[in-house]
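Going by my numbering, the sequence shown opens with residue 60, and the numbers climb by one from there.
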Amino acid sequence: MSDGDDEPDAADETAVDVTPDGLYERLDEVETALEVAETEADLDDIEADLDDIETKLDAASLPDPDDDEDDPREELEDRVSDLRDDLATQRGPYASDVVETLDDAGTTVTDTEWTEDGETEAAEAVETFLDSATTTLDADLAAGDEFPADYVDALDAAGDAIEAADLGADADADTIADLVETADALTADLDDAEEWDDLSVVEQLTAQGFYDRLNSRNRKDFPPELGVVRIAEQENDPERILLALESLESEFMQDNCIEAFRRMGSPEAYDAMLGLAERRERPAIEVLGKIGNDDACETLHEFIQDDSNPVLQRTVLKALGEIGSHESTQPVANRLVADDSEVRSRAARALGRIGDTRAVDPLADVLAADSEDSVRAAAAWALCRIGTERALEEAAAYADDRSFIVQTEAETAAEWLDAAAPTA
C-alpha cells in the first residue's frame, strides 16, 4: 500500500512530461537529422529516435482539442508516418534490391512471348547487363546459346555473385549504384523489346506465315483471312485454320473456321472444338461428330439430358451417332422416351449408326408403340442399320404397316433378309 510519498511510475511520468510542443520539437530535430544523414548508421539512429517518439506519443495523455481545433495526436501521428516514409526513401540502395530486380528480369525473359525481333532484343539486353556486371564484380558472367534458359541461368549466376560479394550499403555504395543503374537499364530494355502482345492481330498472323498462300491469282475473298481459310481447306491444312480461329475474334470468321472444320472433320481441331462444345456451341458439336473421337462422348452425354433444349439434344444425338461409340448406347437409348418427337427420332437414328445390338429391344419397342410415325420409321431404319437377323426380323414384321414411311423401311428389312437367306 502506498503512503503517499512513492515516486510516480514511468507511465505516469511519461504522461506528465510529454506535451505536443515537445514532440513537435523532437520531430523537427529528426527532420533536420534526416536531411544531413550520410550513412546507414545515421539512418539507424534516426529510426531509433522515431521509435522512441512514437512510444511516448502512444503513452501520452494529450489534452482533447476544442471543437474548432485539429487533434494534435492525429497531426503528430501523421508527421511520424511522413518521416518514416522519408527515411525509407533515403535508405539504400542495397545489393538485395539488385538481386530482386534480376529475379524479376529472369521471370520476364521466361514468361514473355517474344517476337523473333523481340527475342534478339531481349537477349542483347541481358548480354549488355552481364558485360557490365562482369566488370563491376570482377566475375565471369556470360550466357550460353539457348534462349531463354541459358540467359535466365546467367542472370541467376549474376545474382549469386552479388550476394557472394557481401556489398555494404555504405562501404560499397558506388559499386551498388553501378549495379542498380545497369539492372534498371536491363529492365527498361526488356520492356522495350518486342513481344507478341505489342503486335496487331494482322502483324502477328503475318509473322507466323498465315498469309503466305495468298497471291494475286487467289486473292478473291474479303476479308483476305477468309481467302486463307478457304485455301487451307482445299489444301487440307487444319493448322492454318486453327491459327485463324484462335486469332480472329469476329463472329463471321469464327463461323467460317468452324464450318471448314465441319466439312474437313480434322482430328487436329478436336481440342478447340471440344472447348467450344463445352459452352454448348452447336456448330462445334457438329464438328465433333465429324471428327469421330470417342473421347468427346462423356461431355456430349451430359447435354442430351437437358429436356429444356431439344434443339441442342438433336444436334448432340446426331454427333453421337456419327462418333459411333458403344459407350453412348444407353445414354442415347434413354432419349427414346423424350417428350420431343424429333429428339426421339434422332435418338433412334443415332442408335442405328452406333450399331450396338443391345439397342434392338428398345428400338423394337419404339417401332411397336410410339405415337409418331416418323419416330417409328426412324426405329425401323435403325434396325436395318444394325443389320443382324433379329434386328431385320423386328423391322420386317411391319411390311404391311398403315404408315407408308414405316412400311418402306420394313420392306427394306424384308429384302435384306431375303438376300441373306441361303438359296436351295
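Beta carbons: idealized from backbone N, C-alpha and C, even for Gly.
By the CB criterion at 8 Å, ARG373 and ARG405 fall inside the cutoff. The Cβ atoms of ILE105 and LEU82 do not sit closer than 8 Å to each other. Cα atoms of TRP475 and ARG444: separation of roughly 11 Å, rounded to the nearest angstrom. Scanning its chain for C-beta atoms nearer than 6 Å, with the 5 sequence neighbours on each side dropped, one finds around THR98 the residues ASP229, in chain order. For TRP173, the beta-bridge partners assigned by DSSP are GLU254.
Its Cα nearest to that of ARG132, the residue ALA119 stands out among LEU142, ALA119, ASP141, ASP126. Counting every other CB atom within 10 Å of its CB across the protein chains shown gives SER140 a total below 16, marking it as exposed. By alpha-carbon distance to ASP80, the top candidate from ALA107, LEU135, GLY177 is LEU135. The continuous alpha helix (DSSP H) containing LEU410 extends over residues 400-413. Taking C-beta separations shorter than 7 Å and ignoring five residues to either side along the sequence, the partners of ASP162 in its chain run GLY218, following chain order. Distances from the CA of GLU88 to each of PHE320, ARG341, ASP108, ASP432 were compared; the closest alpha carbon is that of ASP108.
Distance between GLU386 and GLN267, taken at the CA atoms: about 41 Å. For the options ALA454, VAL402, SER384, the alpha carbon positioned closest to that of ASP366 is the one of VAL402. Unbroken beta strand (DSSP E) runs of no fewer than 3 residues, entirely contained in the region 412-461, are not found.
The three-state secondary structure of ASN352, taken from DSSP, is coil. Short of 6 Å from the beta carbon of SER433, and not among the five residues preceding or following it, lie these beta carbons of its own chain, in chain order: SER404.
Judged by DSSP secondary structure, PHE311 falls within the alpha helix (DSSP H) whose first and last residues are 310-323. Its chain contains PRO297 as the residues whose beta carbon lies nearer than 6 Å to that of SER325, once the 5 sequence neighbours on both sides are disregarded; these appear in chain order. Straight-line spacing of the CA atoms in LEU264 and LEU302 works out to 8 Å.
Inter-residue distance for LEU273 and ASN315 is about 17 Å (C-alpha atoms, whole angstroms). Three or more Cβ pairs closer than 8 Å define a contact, and the region 199-213 falls short of that threshold against the region 233-243. Around the beta carbon of PRO282, fewer than 16 other beta carbons sit within 10 angstroms, so the residue counts as exposed. THR246 is not a Cβ neighbour of THR187, given a cutoff of 8 Å.
Non-local beta-carbon contacts of ASP248 in its own chain, meaning distances under 6 Å to residues more than five positions away in sequence, involve ALA184 in chain order. LEU200 is positioned such that its CB atom lies no closer than 8 Å to that of LEU142. Counting only runs of 4 or more residues that sit fully inside the region 78-116, the alpha helix (DSSP H) segments are 79-95, in chain order.
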